[in-house]
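Chains as they are written, first to last, in UniProt numbering: chain B, 1 to 321; chain W, 1 to 321.
Quick notes on the structure that follows.
Written out as structure tokens, the structure is:
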């Protein structure tokens with residue numbers, strides 16, 4: 001299999017919200033894109049979605065030569081994938097459907113073309129099991145709106161060639177994304193497991209009559225949400241620990257893991273887990289002290305607060321009389 | 001009890017990270033603040049923390065007459081709370097300690113002074129049980145850094161006077177905060193339950209060897225974190241549902257709640273829960289269509305991406321060779 005191939009021709013199969021997001025991103029970065037979707041009216045809906053996304057993409061900055069006109073819809077799967085160097089599949093999240101569509105892509109594509117699935121939950125080993133060339137298959141799971149959010153989870157299956165993962169990451173970086181390679185296959189990958197935990201807790205709070213949907217949203221937006229655009233949960237708590245960082249934080253708040261907060265049972269906070277978490281934060285922070293990170297966080301939050309005050313989506317007070 | 005009292009004198013009891021955050025916020029908004037903390041070196045540490053916070057507070061804009069010099073440390077609880085109209089307690093999170101400190105505050109403060117505790121987990125009915133004037137006691141739980149993040153959860157106990165909650169919210173709004181009144185007492189209130197669910201899932205992922213702390217943080221920062229500074233989980237999913245909003249979203253992704261994503265068991269998605277969630281989102285959106293909200297979200301994300309690219313705390317690629 002040829003290494004360091006050049007990826008010029010991109011085909012997107014399935015043009016719902018996620019497929020259209022990929023198309024808009026690739027076009028804005030100056031790629032030719034072929035789209036395939038047998039649904040009636042698909043092309044019209046996609047072109048409308050691209051028009052909608054384009055305003056934001058122009059504001060972010062288009063690549064030289066980028067054009068909405070470099071999108072072609074093609075009527076058969078066979079023709080749509082024939083010339084593709086990279087194919088992104090985005091059909092509905094049903095294992096049988098995905099396997100059947102991926103089987104067709106695999107049949108008609110060049111053997112060296114990379115095939116990626118946007119699946120949010122199914123592991124790649126399952127999806128690649130019937131392919132003729134399973135080594136070129138990966139999961140590449142993006143986040144809505146795909147044309148703006150940088151994250152893409154990249155997961156290989158048991159048969160995936162490691163070089164394919166690397167090449168796909170190269171492509172994603174070229175289109176201004178942040179590829180996160182997940183090294184262990186689990187249902188829901190990593191990001192959706194985290195989001196689902198928050199989402200399920202939110203549903204419990206509403207179900208138990210503790211808070212309304214609006215109150216849950218408020219509890220996120222005006223607090224932790226402001227921090228999470230810059231720092232994840234681990235670095236956030238590293239800063240909460242003061243000068244000693246995560247080490248102090250786990251000593252002080254570790255016991256709270258046993259408290260009946262959330263419906264989610266915590267893992268046992270063993271010494272091994274503690275060390276893994278502390279070491280992870282310290283290595284990530286590198287030579288930046290907690291004070292350095294706090295300084296950066298504050299600069300960021302000041303600018304972010306100016307920005308979000310303009311865009312928080314509600315206007316009425318949440319204080320009930 | 002006098003209604004619509006004027007709150008002029010503020011006392012902060014306990015000057016750790018949270019207490020100091022409150023002091024900085026009140027000073028920046030032009031209040032006189034008295035602080036009490038018997039720990040050796042407390043005043044020096046607090047003044048240093050205020051200096052540190054002040055740069056950001058100046059950037060956000062100080063109130064007329066605001067000054068770091070309007071903070072006085074006083075050596076006894078009795079004197080420290082004697083003149084206070086509002087007292088914020090921030091001692092370590094231990095029920096016995098908090099009850100003892102709150103008992104002293106209650107003893108020495110004017111009967112009409114409002115007493116608030118920063119407790120992140122203990123319910124107000126427990127904390128007010130031994131007070132002489134329990135009706136003026138509330139939980140007011142802020143988020144780190146308190147001088148920048150707007151959210152404060154306000155919770156009354158069984159004996160709390162509803163008018164006190166309203167007056168406290170008035171004060172919090174005056175100091176540029178977003179009070180969220182929680183109507184049902186539960187351990188951890190609302191925001192920390194949501195954060196803890198994410199945090200526990202993150203610890204499980206690290207414990208199970210699925211992801212490193214850095215990978216977990218990346219999975220949040222570059223994806224959902226960017227959305228959560230503007231929209232909570234409910235409105236986010238309202239937009240993911242397309243034109244039909246949350247109604248379509250629950251139909252399409254409702255079954256995924258049964259999937260083994262996250263260690264958190266989901267609530268049964270009954271018709272009653274569905275309707276509560278849909279109605280909540282639709283009422284919150286008001287006359288804004290999903291397309292309107294998407295437009296606003298995109299404008300926000302474009303500006304946010306420009307900003308965060310400067311401040312994301314890591315520089316090295318996460319793609320492993």
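Glycine is no exception: its CB is placed at the ideal position from the N, C-alpha and C atoms.
Note that the coordinates shown come from a computational prediction; the quantities given were computed from them, not determined experimentally.
- For the 8 Å Cβ check, are there 3 or more pairs between the stretch 270-279 of chain B and the stretch 199-214 of chain W? The stretch 270-279 of chain B is in contact with the stretch 199-214 of chain W.
- Can you name the start and end residues of the alpha helix (DSSP H) that residue 124 (chain W) belongs to? Counting along the chain, the alpha helix (DSSP H) containing residue 124 (chain W) begins and ends at 124-128.
- Candidates B:81, B:58 and B:47, of which the one nearest residue 70 (chain B) by Cα: Here the closest residue by C-alpha is B:47.
- Can you find a CB in chain W that lies within less than 8 Å of the CB of residue 319 (chain B)? Reliability of the predicted coordinates at residue 319 (chain B) is poor, the pLDDT of 36 falling under 50, and the value obtained from them is presented with this limitation in mind. Taking Cβ atoms only, chain W reaches closer than 8 Å to residue 319 (chain B), which makes this a yes.
- Query: When DSSP labels each residue in this structure, what does residue 263 (chain B) get in the three-state scheme?
  - Reply: Residue state, collapsed to three classes: coil.
- Task: Would you kindly check if the distance between the Cβ of residue 168 (chain W) and the Cβ of residue 138 (chain W) is under 8 Å?
- Result: In contact: residue 138 (chain W) and residue 168 (chain W) (Cβ atoms closer than 8 Å).
- Message: Nearest by alpha-carbon distance to residue 224 (chain W): which of B:41, B:42 and B:152 is it?
- Response: For residue 224 (chain W), the closest alpha carbon among the candidates B:41, B:42 and B:152 is that of B:152.
- Message: Since residue 165 (chain W) and residue 146 (chain W) should fall inside the 8 Å C-beta cutoff, what is the C-beta to C-beta distance between them, to a whole number of angstroms?
- Response: About 20 Å; that fails the 8 Å criterion.
- Name the chain B residues whose beta carbon is nearer than 7 Å to that of residue 195 (chain W)? Contacts between residue 195 (chain W) and chain B, judged by CB atoms closer than 7 Å, involve 224 in chain order.
- Using a C-beta cutoff of 8 Å, does residue 244 (chain W) count as contacting chain B? Taking Cβ atoms only, chain B never reaches closer than 8 Å to residue 244 (chain W), which makes this a no.
- Message: Distance cutoff 8 Å, beta carbons only. Does residue 56 (chain B) sit that close to anything in chain W?
- Response: Residue-level contact check: residue 56 (chain B) touches chain W, since one or more beta carbons of chain W fall below 8 Å from its beta carbon.
- Please list, in chain order, all residues of the same chain as residue 20 (chain W) whose beta carbon is under 6 Å from its beta carbon, the five residues on each side excluded. Setting aside the 5 residues that flank it on each side, residue 20 (chain W) is surrounded in the same chain by 46 and 49, each with a C-beta closer than 6 Å to its C-beta; the list follows chain order.
- Item | CA-to-CA distance, residue 79 (chain W) to residue 111 (chain W), given in whole angstroms | The alpha-carbon separation between residue 111 (chain W) and residue 79 (chain W) amounts to approximately 15 Å.
- Would residue 22 (chain W) count as contacting chain B if we go by Cβ distances under 8 Å? Closer than 8 Å: no.
- Say whether chain W places a C-beta atom closer than 8 Å to the C-beta of residue 200 (chain B). Residue contact check for residue 200 (chain B) against chain W: a CB pair falls below 8 Å.
- Can you find a CB in chain W that lies within less than 8 Å of the CB of residue 249 (chain B)? No, because no Cβ of chain W sits closer than 8 Å to the Cβ of residue 249 (chain B).
- Does residue 210 (chain B) have its Cβ less than 8 Å from a Cβ in chain W? Taking Cβ atoms only, chain W reaches closer than 8 Å to residue 210 (chain B), which makes this a yes.
- Task: Check whether the Cβ of residue 231 (chain W) lies closer than 8 Å to any Cβ atom in chain B.
- Result: At least one C-beta of chain B is nearer than 8 Å to the C-beta of residue 231 (chain W).
- In the structure shown, what three-state DSSP assignment does residue 90 (chain W) receive? If DSSP states are grouped into helix, strand and coil, residue 90 (chain W) belongs with coil.
- residue 191 (chain W) versus residue 216 (chain B): straight-line alpha-carbon distance, rounded: Computed Cα separation, rounded: 7 Å.
- Candidates W:84, W:177 and W:284, of which the one nearest residue 25 (chain W) by Cα: If we check each option's Cα against that of residue 25 (chain W), W:177 comes out closest.
- Minimum Cβ-Cβ distance from residue 298 (chain W) to chain B less than 8 Å: For residue 298 (chain W), the answer is yes, since a Cβ of chain B falls inside 8 Å of its Cβ.
- Message: Using C-beta distances below 8 Å, list every residue in its chain close to residue 243 (chain B), excluding the 5 sequence neighbours before and after it, in chain order.
- Response: Closer than 8 Å at Cβ, skipping near neighbours: 289, 290 and 291.
- Does the count of Cβ pairs from the stretch 89-108 of chain W and the stretch 116-128 of chain W closer than 8 Å reach three? The answer is yes - the stretch 116-128 of chain W touches the stretch 89-108 of chain W, with three or more Cβ pairs under 8 Å.
- DSSP three-state assignment for residue 140 (chain B), whether helix, strand or coil: The answer is strand: DSSP assigns residue 140 (chain B) an E or B state.
- Message: Quick check on the DSSP output: what are the complete alpha helix (DSSP H) runs of length 4 or more inside the stretch 186-266 of chain W, in order along the chain?
- Response: Under the rule that a run must span 4 or more residues, the alpha helix (DSSP H) segments found entirely inside the stretch 186-266 of chain W read 191-207, 213-219, 225-228, 233-240 and 246-253.
- Query: Quick one: which chain B residues come within Cβ less than 8 Å of residue 215 (chain W)?
  - Reply: Within 8 Å Cβ-Cβ: 180, 182 and 190.
- In angstroms with no decimal places, state the Cα-to-Cα distance between residue 31 (chain W) and residue 40 (chain W). When rounded, the distance between both Cα atoms is 25 Å.
- Message: So residue 17 (chain W) contacts chain B; which residues on that side make the cut at Cβ distance below 7 Å?
- Response: Chain B residues near residue 17 (chain W): 242.
- Query: Any idea if residue 144 (chain B) is buried or exposed, counting beta-carbon neighbours within 10 angstroms, 16 or more meaning buried?
  - Reply: Looking at its Cβ environment, which holds 16 or more other Cβ atoms inside 10 Å, residue 144 (chain B) is buried.
- DSSP state of residue 83 (chain W) mapped onto helix, strand, coil: Here residue 83 (chain W) sits in coil by DSSP.
- Query: Helix or strand or just coil, what does DSSP make of residue 268 (chain B)?
  - Reply: It is coil, neither helix nor strand.
- Leaving aside the five residues before and after residue 99 (chain W) along the sequence, list all residues of the same chain whose C-beta is less than 7 Å from its C-beta, in chain order. Excluding residues within five positions, the ones whose Cβ falls inside 7 Å are 127 and 130.
- Message: Taking 8 Å as the threshold (C-beta atoms), are residue 263 (chain B) and residue 264 (chain W) in contact?
- Response: Taking 8 Å as the cut-off, the Cβ atoms of residue 264 (chain W) and residue 263 (chain B) count as close.
- Nearest to residue 269 (chain B) by CA position, among B:283, B:210 and B:251, is which residue? Residue nearest to residue 269 (chain B) within the set B:283, B:210 and B:251 is B:251 (criterion: CA-CA distance).
- Task: Could you tell me whether any Cβ in chain W is nearer than 8 Å to the Cβ of residue 218 (chain B)?
- Result: Contacts with chain W at 8 Å (Cβ-Cβ) include residue 218 (chain B).
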